[in-house]
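Written below as structure tokens is the structure these notes are about.
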Amino acid sequence: MRVAAYCRKSAEDNRLDDNKSVHRQMIRRHEFAASKGWHIEETDIYVDDGISGAEYLEGDGLNRLRAKLSHYDILITADLDRLGRDSPLTEQEV
1 MRVAAYCRKS AEDNRLDDNK SVHRQMIRRH EFAASKGWHI EETDIYVDDG
51 ISGAEYLEGD GLNRLRAKLS HYDILITADL DRLGRDSPLT EQEV
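For the sequence shown, counting from 1, position 46 maps to 46 in the numbering used here; every step adds exactly one.
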């Protein structure tokens, strides 16, 4: 089973919310994957730090993930809004 992870934090979010930081998302991704018995290769981690959810298609990490999405069985992300703010549009695009 091939597992990927995507982490994104908006530059516009100036709140000191450590739970949304890319670093915290990566820690939780490891914890979640381990709880399921999954392993994520470092090359299968995609990150966009400082990319707004409204401009999600401009993120280099997300675009690299989209190009390889068919290679994965599972995608881990902190929340659907990490992929983009407009859920119906995000689901069509991603």
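Here a beta-carbon is modelled for each residue, glycine too, at the ideal position from N, C-alpha and C.
- Within a 10 Å sphere around the beta-carbon of S35 sit fewer than 16 other beta-carbons, which makes this residue exposed.
- Under the criterion of beta carbons closer than 8 Å, V22 and D49 qualify as touching, at roughly 5 Å.
- D73: not part of any alpha helix (DSSP H); DSSP gives it neither H nor E.
- Beta-bridge annotation (DSSP): V22 is not paired with any residue.
- Distance from the CA of I40 to the CA of A4, rounded to the nearest whole angstrom, comes to 6 Å.
- Counting only residues of its own chain and dropping the five nearest sequence neighbours on each side, Y72 has a CB closer than 6 Å to the CB of R2, A4.
- Around C7, the same chain offers V22, Q25, M26, V47 as residues with beta carbons nearer than 6 Å, after the five sequence neighbours per side are excluded.
- A direct Cα-to-Cα measurement between A78 and R28 gives close to 8 Å.
- Taken through DSSP and simplified to helix, strand or coil, R2 comes out as coil.
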